[in-house]
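Numbered according to this note's numbering, the sequence shown spans residues 823 to 1309.
The C-beta atom is built at its ideal place from N, Cα and C for all residues, glycine as well.
Computed from a predicted model, the values in this text were never measured in an experiment.
Since the structure comes first, as structure tokens, the remarks are kept for the end.
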Amino acid sequence: MSSASTTQTVLVVDSETDFLDWVRQQLKASGVRVITETNSANAFKIFCLEKPDLVIAEMHLRPSGGLDLLAKIRAESPNAMVIIMSAYATTQAVIESMKLGAFDFLRKESLPFTMKVVVDTALKSAAELRAASPTKPALTVEQYHDDIVGQSEAMQSVFKMVGRVAMSDAPVLVTGESGCGKELVARAIHNYSERSKKPLIAINCAAIPENLLESELFGHEKGSFTGAATQRIGRFEQGNGGTLFLDEIGEMPLAVQSKLLRVLQEGEFSRVGGNATIRSNVRIVAATNRNLEEAIAKKEFREDLYYRLNVVGIHLPPLRARSEDISLLAEYFLSRIAQQQHRPLLQLSAEAIKVMQAYPWPGNVRELQNTLQRACVLATSDVLLPKDLPLGQVTNASEITDASHGSGASLNALSVEEAAQSLFEALIKESGERELLPWVEEDFTRRAMELTRNNQLRSSKLLGITRATLRKRLERLGIRGSSQSEE
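Put into structure tokens, the structure is as follows:
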């Protein structure tokens, strides 16, 4: 146990007094104040009076069960830390517990191994939550327009450029890394232009096969190629009078680039398989995350098309270059998530904002949005802490941690002395005649293979041994596993 938990209180609720005595003994050396109760109704009264830092409750209680107690506690205190435990961890019980906001669900048979780790993690989270400094959103979601958010100097320059080009028909080329929000800029240009009452049509040039992209843009006549059973009106015709947004223009095949260039020069085209000349008044906004000048040097992009598209260029800076916008963007996404999902608005702690501002965000604004959406789904309190934001850590390693227990508690929280003591106690309880090391070797190997879904490479890394050693051990112990060698 950490020293931070010396003055904290844990309420343990179970119908078996022998079990309550065992828990008290387990937590005694840590300095945690333990309150025990066998009745769920009395336990709720104690919670309201004592406001403990953590509640550990059995599923099967009287007069009402542990889930009812969990629901009452969370209704009384939305940030309360509650661990549900049961000897029978059914799928429904685990799901319902987490749905109601439980910090974790523990099987009683695993408590000698997991209880101290999870309790320490829960108490640490409770202390961090009390010490957190919630921030209030600077703006409400209704105050944002076009989903473009930013107060940094770099974004203000982008907004000014959008305002200047909106009233013209000049082609615009929007550049920037993936996930920066290039389509949002295109939408803003359209929405603030005189074409706003006409359609804005977006096409991802990288997502449509070359043999279909020409038809998608210009349309085709019936019978012009195999499968052309009817006439098709292309996007240029559909968007007449409006704006056509060509995303990932750098991925457009050279053959289609030539036909696009003619449309930009002459304002006219023909459908695939047709002879009629069609005119269309469409404003082109293109976007790319590629360096088109390098693509031109490699003969992968037409130079004349580049200059036709890049009449006005707007470059979107990556999120790491405008860290002052991160808190504003985060507040906006949290407001929108709350509005869309009809759930209470979560707040960001000042500590979480600092962590986000220090992170490089390789996935830019899209990564920030996805991170916050995941945090909202998994949050157990109404204030997001740094631990709720797995920045760049949604990896195999974190999946292994999550699989071991819902809290994601770190093994560092459990000292070697405590781990050894728990192992010996569990061994003696099961059978005093067994030897510890062979038992641990087999059990830990099986658990590692289960957590990594029988991946030998990941299991060997987790156990701290070579893959060759693991293979020999698996053969000796009769454990079957995959020979997968790559992550």
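Taking the alpha-carbon positions, what's the residue i to residue j distance?
i: residue 1208; j: residue 878; result: 24 Å
i: residue 817; j: residue 1057; result: An answer regarding residue 817 cannot be provided, because it is not within the stretch 823 to 1309 covered by the chain.
i: residue 1287; j: residue 1272; result: 17 Å
i: residue 937; j: residue 928; result: 8 Å
i: residue 1311; j: residue 1130; result: The requested residue 1311 does not occur in the structure, where the chain is confined to residues 823 to 1309.
i: residue 1060; j: residue 1024; result: 11 Å
i: residue 1108; j: residue 993; result: 8 Å
i: residue 920; j: residue 896; result: 12 Å
i: residue 1115; j: residue 1126; result: 11 Å
i: residue 1203; j: residue 1156; result: 14 Å
i: residue 1049; j: residue 1077; result: 21 Å
i: residue 1297; j: residue 932; result: 27 Å
i: residue 955; j: residue 1068; result: 44 Å
i: residue 1022; j: residue 1175; result: 35 Å
i: residue 1206; j: residue 1213; result: 13 Å
i: residue 1123; j: residue 1136; result: 19 Å
i: residue 965; j: residue 1006; result: With a pLDDT of 48 at residue 965, under the threshold of 50, the predicted position of this residue should be treated as unreliable, though the coordinate-derived value follows. Near 16 Å, if we compare the C-alpha coordinates of residue 1006 and residue 965.
i: residue 1054; j: residue 1039; result: 10 Å
i: residue 1099; j: residue 1081; result: 13 Å
i: residue 1154; j: residue 1026; result: 26 Å
i: residue 1165; j: residue 922; result: 14 Å
i: residue 1276; j: residue 983; result: 54 Å
i: residue 1221; j: residue 935; result: Residue confidence is low: residue 1221 scores 37 on pLDDT, short of 50, so the model does not pin down where it sits. No coordinate-derived value is stated.
i: residue 824; j: residue 998; result: In this predicted model, residue 824 has a pLDDT of only 43, less than 50, meaning its place in the structure is not dependable; the value taken from the coordinates is given anyway. Taking the straight line from one Cα to the other gives about 46 Å.
i: residue 903; j: residue 868; result: 15 Å
i: residue 1112; j: residue 1102; result: 28 Å
i: residue 1194; j: residue 1052; result: 45 Å
i: residue 899; j: residue 870; result: 9 Å
i: residue 918; j: residue 1105; result: 53 Å
Kindly indicate the opening and closing residues of the beta strand (DSSP E) around residue i.
i: residue 1135; result: 1134–1137
i: residue 835; result: 831–835
i: residue 856; result: 855–859
i: residue 1026; result: 1022–1026
Following the continuous alpha helix (DSSP H) through residue i, name the residue where it begins and the one where it ends.
i: residue 992; result: Careful: residue 992 lies outside any alpha helix (DSSP H) and carries neither H nor E.
i: residue 1047; result: Neither: residue 1047 is in no alpha helix (DSSP H) and is coded neither H nor E.
i: residue 845; result: 839–850
i: residue 1192; result: 1186–1200
i: residue 1340; result: Since the displayed the chain opens at 823 and closes at 1309, residue 1340 lies outside it and no answer follows.
i: residue 1119; result: 1114–1119
i: residue 1088; result: 1076–1088
Can you give me the Cβ contacts of residue i inside the same chain, cut-off strictly under 6 Å, excluding the 5 residues immediately before and after it?
i: residue 1142; result: 1182, 1183
i: residue 888; result: 879, 880, 881, 906
i: residue 1096; result: 1043
i: residue 916; result: 927
i: residue 1134; result: 987, 992, 994
i: residue 1293; result: none
i: residue 1079; result: 1124, 1127
i: residue 911; result: 929
i: residue 976; result: 1139, 1144
i: residue 885; result: 863
i: residue 971; result: 1150, 1151, 1154
Could you name the residues that DSSP lists as bridge partners for residue i?
i: residue 1012; result: DSSP output for residue 1012 lists no bridge partner at all.
i: residue 1105; result: 1065
i: residue 1177; result: Answer is none; residue 1177 lacks a bridge partner.
i: residue 1094; result: 1042
i: residue 1267; result: Partner(s): none; residue 1267 has no beta bridge.
i: residue 997; result: 1110, 1137
i: residue 984; result: The partner list for residue 984 (beta bridge, DSSP) is empty, contrary to what the question assumes.
i: residue 1205; result: 1169
i: residue 814; result: With the chain represented from 823 up to 1309, any question about residue 814 goes unanswered, as that position is not in the structure.
i: residue 1100; result: 1091
Counting only the same chain and skipping the five closest in sequence on each side, list residues whose C-beta sits under 8 Å from that of residue i.
i: residue 783; result: Nothing about residue 783 can be read from this structure; the chain reaches only from 823 to 1309.
i: residue 973; result: 1146, 1147, 1150
i: residue 1171; result: 954, 955, 956, 957, 1205, 1206, 1207, 1208
i: residue 1117; result: 1072, 1123
What does a CB cutoff of less than 7 Å around residue i pick up in its chain, not counting 5 residues either side in sequence?
i: residue 1301; result: 1267, 1268, 1271
i: residue 951; result: 901, 1203, 1205, 1207
i: residue 1187; result: 1001, 1002, 1003, 1141, 1151
i: residue 842; result: 834, 836, 858
i: residue 1090; result: 1099, 1100, 1101
- Message: Threshold first: 3 residues or longer. Then list the beta strand (DSSP E) segments lying entirely within the stretch 865–900, N to C.
- Response: 876–880
- Item | Inside the stretch 904–973 only - alpha helix (DSSP H) runs reaching at least 4 residues | 913–921, 933–953
- Can you list the alpha helix (DSSP H) stretches of 4 or more residues lying completely in the stretch 1123–1166, in chain order? 1125–1131, 1148–1163
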